[in-house]
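Participant: Below is one structure. I have some questions about it.
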Amino acid sequence: MLTLRQEDILLGCEASDWQAALDHAAEALQAAGLVEADYRQGLHAREAQSSTYLGNAIAIPHGTPESRRHVKQTGVRVLQFPRGLDWHDGQRVHVLVTIAAQSDEHLDILRQLTHVLDRDGVGERLAAADSPAQVAALLSRAVVEARLDAETLCLGFPAHSAEELALAAAARLRQAGCVAPGFVAAIAEQAPLALGQGLWLAHSHREVATPALALATPAEPGAVNGVFCLAAQGDAHRGLLERLSALLESGQGGELAGASVQTVLARLAGEGAGAQTLSVRILNAHGLHARPAKQLIQVARAQGLPIKVRLAEGGEAVAASSLTKVIGLGARRGQRLVFSAEGEGAREALAAIDQAVRDGLGERVTPFDEGRDAPPVEASAPAPEPLAADRPHPAVAASPGLAIAPLFVMRTPRFDYPARAADAAEQERRLGAAIREGAEQLEALVTQARGGEVAEILSMHEEMLEDPELYQAALEGIRDGASAEAGWWEAIETAARAQEALADRLLAERAADLRDVGRRVLGILCDVAMPEPPAHPYILVADDLGPSDVARLDTARVRGLLTARGGATAHSAILARALGIPAVVGAGERVLTLSNGDELILDGERGQVIPRPSRERRDRAELRLKEREAREKAAWAARFEPAATADGHRVEVAANLGNTAHAADAVERGAEGVGLLRTEFIFMAHAQAPDLEAQIAEYREALDALDGRPLVARTLDVGGDKPLAYWPVPQEDNPFLGLRGIRLALTRPEVLETQLRALLMAGVGRPLRIMLPMVKDVAEFRTVRVLFDRLLEELPEAERATDVQLGVMIEVPSAALLAPSLAAEVDFFSVGTNDLTQYTLAIDRGHPELSAQADGLHPAVLRLIEMTVSAAHAQGKWVGVCGELASDAVAVPVLVGLGVDELSVSARQVPLVKARLREFDLEEARARAELALAQATAEAVRDALEAR
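Numbers in our numbering are just positions in the sequence shown, counted from 1, shifted up by 1214.
Rendered as structure tokens:
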């Protein structure tokens, strides 16, 4: 943002006339190193086009678009002329705010100055100022803008009371960055105020960063049509209250329930239901600066009736006849403005405005294309350095396995299409047909899918294609003159960028899903097919892969996946694991420099790739691969044998499940139970919290498939990093350290009680284990234990599980350190090594650069596991491990040597882990554990174990 500093201000300037003043201003810009000498001609040429006088004795000279090539650096110089100058349009000027801008940065200065123009006597005070600080203070009045836009709206929220809607609105303000957690807490402590017309208001001044107004409306309108939540600050929010008051006075408040985002914004901007409206895009290269703004207000004034204008994304509607108000919108190229007018002649007036804006408001303009209209870059980035041959390159391990094959680099095809089209009806027809064809393609892929996750994610893509808001956004672009391709891709990119802006990494990575859906339809519209891979086995290399790209893969030919972007939690990584394809992601753009046909070794367990390996390295990898294939074949044949070490020491091997429907498959793969059932999938599959009957049915499906084998169910584990739409949680700077797991569940004990009741009732006659996530100490466990014991008393023994245990997950280092106090009261421990590792080492395991260091074999993590096992065994309790470390072939004997009683792994890994147990005895395991604990780093642990 272009801002004004005291060193930018020159006092006591003199000039014989306005031309000499312009020369003086050009010299000041040149002396500051901002422009070349030829920029002077641009300043004069701009004045020849129209006056840059703004008002209140201020002019804002700046160059023409052609003269911007003479700008070396964006900046501003303010020249004070105490005696004043007669400007060429007859106005008296005391201050020149002279701007050198490379694009539209000067709009920020203009917006500040519009607030100056509304204050009486500023011109005289500017002339009399005797210090740069005084001038800066007069010109740089801080602009506090209150927010009311699409990001502060929470429409169709599944809630039934004003209190719930108030919290949803407060959470939306938190997500928008307007308030801190203290604001949300303040809203939770108060009862909303009834405004009438089914509307309510909650408000607070506590921890407000930006004044704003949010609105939450219910999914099913009833007695409550909506709840406003006001973040108040000084008097900056006064305009928001005035707009709300005007809405109530109009009697249109009841229309907000069930209304779209645009309708809500229109009503709150003062646009009546009978108003004619126009949405039009600003095409001017440098936005709505002074010159086009003047043209706009002249057209508006000529219509003979009041016309209002606002930004389409929200904000107050202002008079289109006011120069300061129009400039104050700060509209940039590509932004949409919404004009409104009422009464006779309104349609004709808006048509005149529409034509004027499209014609450029006195400037030459070019059509806007979302996909190509990117801001200019100052310098092109250097080409990435190619990957060195025969050297390991680290990345993010996404799916285990080893692959050796020639690579195939899949580059996204170029979609060439016209930005504009004349026949809107034909474009709508084409888009509708392409969306239907895309849906049919996805339906076929769902039918062919070979895994539950594949079908679920592709079904989600089908739902995206059916999203009415996405379709409507594309239609708006088409009706504004865009082609079907341009309108569709603009809608996709807008939604994807909004997704990427979320603090939650899991949700942000879903932007890949949106673009995947978008490219499918765009490919149909452009008749462009994805590049055809080779007929021989290969490793696929790409910038990123959408889920449907992964689902289409021929697993008979694809040996592995390597991507430049993405994380271990992206849907493409999830699908790779489901399909059993080794994958490494987040390797950086250098992997795209590889050439088709180059040989590659891809290690999905270590998270590394080796391009163009030497013969010796390749031979070693081939040997590892053959040994792995032989182990897999032998392991599958012996998958139903009891899991035990070579000397008969029993270690139960169970499966991690994210869906109860997969329990039967886990049993078929030799699982001796389910060591982790992620119950949150049930809650994520429902628009509101599933009731008792729905949960009982889900849990019973898994228990039936297990046929007497134990089920370990983790209670609902959602929160800041895995939110539920119907359970709003305030935005948190670090959601992994915030309100999640058992912490969140205890804020809604009735939801936790229903889940515990459902598990107990579903577990009649079956071994049931229930564990609590993210427990930090015994106090949290005791709180749940009281609830759990009450349910055991309330439910007759014939109607609930009797072989039942209540344990906790060891994911937080404090829980491991306090394991002795926990072990005295819990029935078992289950170590979640994924979270325990990242919390212990302070490394996000999804970080593209650091995740390779988040190794669960780090001695600090192993010592915490050792402490946990010792404390549990001292009390006669058992310990399981349900993180990725449990399936690491190097780690398995170490964990057994530490005394771990159960290993819970993905269903595909069960046969291999059982086979690994048979390769060593308990004495060897203990020796390996002792050796690992004696090391100083994770790398040293792996080196020592490999050398043994």
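Here a beta-carbon is modelled for each residue, glycine too, at the ideal position from N, C-alpha and C.
Given the structure is predicted, the values throughout are model-derived calculations rather than measurements.
Can you list, in chain order, the residues of its chain with a C-beta nearer than 7 Å to that of I1738? Leave out the 5 residues immediately preceding and following it.
Facilitator: Excluding sequence neighbours, I1738 sits near A1648, E1651, G1652.
Participant: Just mark Q2052 as buried or exposed, buried being the case when its beta carbon has 16 or more other beta carbons within 10 Å.
Facilitator: That one is buried.
Participant: Using DSSP bridges, identify the partner residues of K1522.
Facilitator: A1533, S1554.
Participant: On a Cα-Cα basis, can you pick out the residue from L1470, E1912, L1427, E1819 that is closest to R1452?
Facilitator: When only C-alpha atoms are compared, the closest one is L1427.
Participant: Can you name the start and end residues of the alpha helix (DSSP H) that G1396 belongs to?
Facilitator: Run containing G1396: 1395-1402, per the alpha helix (DSSP H) assignment.
Participant: Do the region 1532-1552 and the region 1597-1612 make contact, defined as three or more Cβ pairs closer than 8 Å?
Facilitator: Flag = no, the region 1532-1552 and the region 1597-1612 do not touch.
Participant: According to DSSP, simplified to helix, strand and coil, what is V1965?
Facilitator: In this structure, V1965 counts as helix in the three-state DSSP scheme.
Participant: Please give the ranges of any alpha helix (DSSP H) in the region 1374-1453, keeping only runs that are unbroken, at least 4 residues long and fully inside the region.
Facilitator: Runs found: 1376-1389, 1395-1402.
Participant: Which of helix, strand or coil does DSSP assign to N1873?
Facilitator: Three-state DSSP puts N1873 in coil, outside helix and strand.
Participant: Within this structure, are the beta carbons of F1553 and I1511 separated by less than 8 Å?
Facilitator: In this structure, I1511 does not lie closer than 8 Å to F1553 by Cβ.
Participant: Below 8 Å on the Cβ atoms is my contact criterion, and I expect Q1404 with V1422 to pass it. Report the Cβ-Cβ distance as a whole number of Å.
Facilitator: Rounded, the Cβ-Cβ distance is 15 Å, inconsistent with contact.
Participant: Taking the alpha helix (DSSP H) that E2153 belongs to, which residues open and close that run?
Facilitator: Unbroken alpha helix (DSSP H) run through E2153: 2152-2161.
Participant: Would you please state the rounded distance, in angstroms, between the beta carbons of V1805 and V1755? I believe it to be under 8 Å.
Facilitator: About 6 Å separates the two Cβ atoms, so the contact holds.
Participant: Pull up the distance between the alpha-carbon of M2212 and that of I1567, whole angstroms please.
Facilitator: The chain is shown from 1215 up to 2162; residue 2212 falls before or after that span and cannot be answered.
Participant: Please classify D1252 as buried or exposed, where buried requires at least 16 neighbouring CB atoms within 10 angstroms.
Facilitator: Exposed, since its Cβ has fewer than 16 Cβ neighbours within 10 Å.
Participant: Note down, one range per segment and in chain order, each alpha helix (DSSP H) of at least 4 residues found wholly within the region 1995-2081.
Facilitator: Listed in chain order, they are 2027-2031, 2033-2037, 2047-2055.
Participant: Alpha carbon to alpha carbon, how far is Y1631 from A1402?
Facilitator: Cα-Cα distance, rounded: 51 Å.
Participant: So, with DSSP's three-state summary, where would you put C1227?
Facilitator: DSSP places C1227 in coil when its eight states are reduced to three.
Participant: Taking the beta carbon of T1961 as the centre, do at least 16 other beta carbons fall within 10 Å, making it buried, or is it exposed?
Facilitator: It counts as exposed.
Participant: Keeping to the same chain, check which residues put their C-beta closer than 7 Å to that of P1796; ignore five residues upstream and five downstream.
Facilitator: Contacts found: S1613, P1614, G1615, L1616, A1617, G1774, L1816, G1818.
Participant: For the region 1828-1847 against the region 2117-2134, do three or more pairs of beta-carbon atoms, one drawn from each stretch, fall closer than 8 Å, so that the two count as touching?
Facilitator: With the cut-off at 8 Å, the region 1828-1847 and the region 2117-2134 touch.
Participant: Thinking C-beta only, is R1914 closer than 8 Å to V1932?
Facilitator: Against a cut-off of 8 Å, the Cβ pair of R1914 and V1932 comes out as no contact.
Participant: Going by DSSP in three states, R1664 sits in which element: helix, strand or coil?
Facilitator: No answer about R1664 holds up, because its pLDDT of 46 lies below 50 and its placement is not dependable.
Participant: For G1695, I'd like the list of residues in its chain whose CB is within less than 6 Å of its CB, leaving aside the five on either flank, ordered along the chain.
Facilitator: Result list for G1695: R1634, in chain order.
Participant: Between which two residues does the beta strand (DSSP E) holding E1813 run?
Facilitator: 1813-1817 is the extent of the beta strand (DSSP E) around E1813.
Participant: Within a Cβ cutoff of 6 Å, which residues of the same chain sit near I1272, ignoring the five residues on either side of it in sequence?
Facilitator: Within the same chain, I1272 has close Cβ partners V1309.
Participant: Taking C-alpha atoms, which residue in W1232, P1432, F1622 lies nearest to A2167?
Facilitator: Outside the modelled stretch of the chain, which goes from 1215 to 2162, sits residue 2167, for which no answer is possible.
Participant: DSSP has G1887 in a bridge; who is on the other side?
Facilitator: Looking at the DSSP assignment, G1887 forms no beta bridge with any residue, so it has no partner.
Participant: Kindly indicate which three-state DSSP category A1609 falls into: helix, strand or coil?
Facilitator: Here A1609 sits in coil by DSSP.
Participant: Identify which residue in G1337, C1392, L1429, P1346 has its Cα closest to the Cα of L1381.
Facilitator: Measuring from the Cα of L1381, the nearest candidate turns out to be L1429.
Participant: Look at R1291 and G1277 and say whether their C-beta atoms are less than 8 Å apart.
Facilitator: No, these two residues do not count as a Cβ contact at 8 Å.
Participant: Need the endpoints of the alpha helix (DSSP H) that Y1913 sits in, please.
Facilitator: 1906-1920 is the span of the alpha helix (DSSP H), which, as asked, contains Y1913.
Participant: Residues in its own chain within less than 8 Å of V1865 by CB, not counting five upstream and five downstream?
Facilitator: The residues are A1857, A1858, T1859, V2110, V2114, D2115, E2116, L2117, L2131.
Participant: I'd like to know if the region 2095-2103 and the region 2066-2079 are in contact, where contact means that at least 3 CB-CB pairs between them fall below 8 Å.
Facilitator: Enough Cβ pairs lie closer than 8 Å, so yes.
Participant: Between Q1255, G1298, R1283, E1250, which lies nearest to E1228 when the distance is taken from Cα to Cα?
Facilitator: When each option's Cα is compared against that of E1228, the closest is G1298.
Participant: Using the Cα positions of D1861 and L2145, report the straight-line distance between them to the nearest angstrom.
Facilitator: Each residue's Cα considered, the two are about 21 Å apart.
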